[in-house]
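Q: Protein chains in written order, with the numbering used here: chain A, 79 to 211; chain B, 10 to 157. Pasting a structure below so you can have a look.
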């Protein structure tokens, strides 16, 4: 399946066994739906172990987008991939908590490097556990 | 319920006002951009802007999802140092029959998280809601900057 760089589609890049996507635009609802489909397919196809979602360009995360991030994280988990949200702006973090969304169950990291590190550590720990068993 | 409260009060200067229809998800994005621009006009800080834009996004989505669409009036009102951004969301949807429930965290009649109204109330400095079942809902919020 070819992924064209369409204006209404968020590109997903593969780095090692991680998928990286950067949300740079003011998200519209339709794009979020497309993103879920695209990402689920890519995880299944590439056997990715982790999904990094860079939201450093988002100046607003409302409950709709928050729920989308939680959903993506849940979908990825079922497909055996860990999701890490990276680059959340301080004002967004404050507002999310005030809004009443603590994004429980969603991992976060300050930047892409740390997010990648988190995923690597987790998947190697998991490999060790499996080895012990 | 509608037109009267849009008229600027006595002694107030209407600096700018814009009405944006809320019919699609793309309109919700437009509302966010316009509210951010209005907050910039009054010199609000980043966190003040983020709070207000997030509240506007929640309320615009409510207008769309529960009110069946409507509109928002975005206005910069007030004098020099006491300027504020005021938003009035209006829909002619089914209205809210149980207001105290609707303002409770986690209560939703739709598929949402139930944080829209209660969250927006926490994020704005002024919050007012009026709803008549069968006629519609009007939510008025305002925010200003604490910056000197």
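Idealized CB from N, CA, C, for every residue including glycine. Note that this is a predicted model, so its numbers are computed, not measured.
(1) Would DSSP call residue 30 of chain B helix, strand or coil?
(2) Using a Cβ-Cβ cut-off of 6 angstroms (strictly less than) and excluding sequence neighbours within five positions of residue 126 of chain B, which residues of its own chain qualify?
(3) Taking C-beta pairs closer than 7 angstroms, name the residues in chain A that residue 32 of chain B reaches, listed in chain order.
(4) Helix, strand or coil: which one does DSSP assign to residue 78 of chain B?
(5) Following the continuous beta strand (DSSP E) through residue 91 of chain B, name the residue where it begins and the one where it ends.
(6) The alpha helix (DSSP H) that contains residue 199 of chain A, what's its start and end?
(7) Since residue 127 of chain A and residue 201 of chain A are thought to touch, with beta carbons under 8 angstroms apart, how far apart are those beta carbons, to the nearest angstrom?
(8) Taking DSSP as the reference, what is the three-state secondary structure of residue 11 of chain B?
(9) Under 8 angstroms, with one C-beta from each stretch per pair, do the stretch 143-152 of chain A and the stretch 70-80 of chain B reach the 3-pair mark?
(10) So is residue 128 of chain B in contact with chain A if we call contact Cβ pairs under 8 angstroms?
(11) Buried or exposed: which applies to residue 132 of chain A, given that a residue is buried once 16 or more other Cβ atoms fall within 10 Å of its Cβ?
(12) Quick check: residue 177 of chain A and residue 128 of chain B, are their CB atoms within less than 8 angstroms of each other?
(13) Between which residues of its own chain and residue 179 of chain A is the CB-CB distance below 7 angstroms, once the five residues before and five after are set aside?
(14) Counting only Cβ-Cβ distances shorter than 7 angstroms, please list the residues of the stretch 141-155 of chain A near chain B, keeping chain order.
A: According to the data block:
(1) Here residue 30 of chain B sits in strand by DSSP.
(2) Excluding sequence neighbours, residue 126 of chain B sits near 111 and 112.
(3) The contact set of residue 32 of chain B on chain A, defined by CB atoms closer than 7 angstroms, is empty, because the minimum CB distance reaches about 13 angstroms.
(4) For residue 78 of chain B, the secondary structure class from DSSP, reduced to helix, strand or coil, is coil.
(5) In the DSSP assignment, residue 91 of chain B falls outside any beta strand (DSSP E), carrying neither H nor E.
(6) 190-210 is the extent of the alpha helix (DSSP H) around residue 199 of chain A.
(7) Rounded to whole angstroms, the Cβ separation of residue 127 of chain A and residue 201 of chain A is 5 angstroms, and the two are in contact under 8 angstroms.
(8) Low confidence applies here, because residue 11 of chain B scores a pLDDT of 48, under 50, leaving its location unreliable; read the following figure in that light. If DSSP states are grouped into helix, strand and coil, residue 11 of chain B belongs with coil.
(9) By the C-beta criterion, the stretch 143-152 of chain A is judged not to be in contact with the stretch 70-80 of chain B, since fewer than 3 inter-stretch pairs fall below 8 angstroms.
(10) Cβ-Cβ to chain A under 8 angstroms: yes for residue 128 of chain B.
(11) By the 10 Å Cβ count, residue 132 of chain A comes out buried.
(12) It is a contact, given that the beta carbons lie within the stated cut-off.
(13) For residue 179 of chain A, same chain residues with a beta-carbon under 7 angstroms away, outside a window of 5 residues either side, are 141 and 144 in chain order.
(14) Taking a C-beta cut-off of 7 angstroms against chain B, the contacting residues of the stretch 141-155 of chain A are 141, 142 and 145, listed in chain order.
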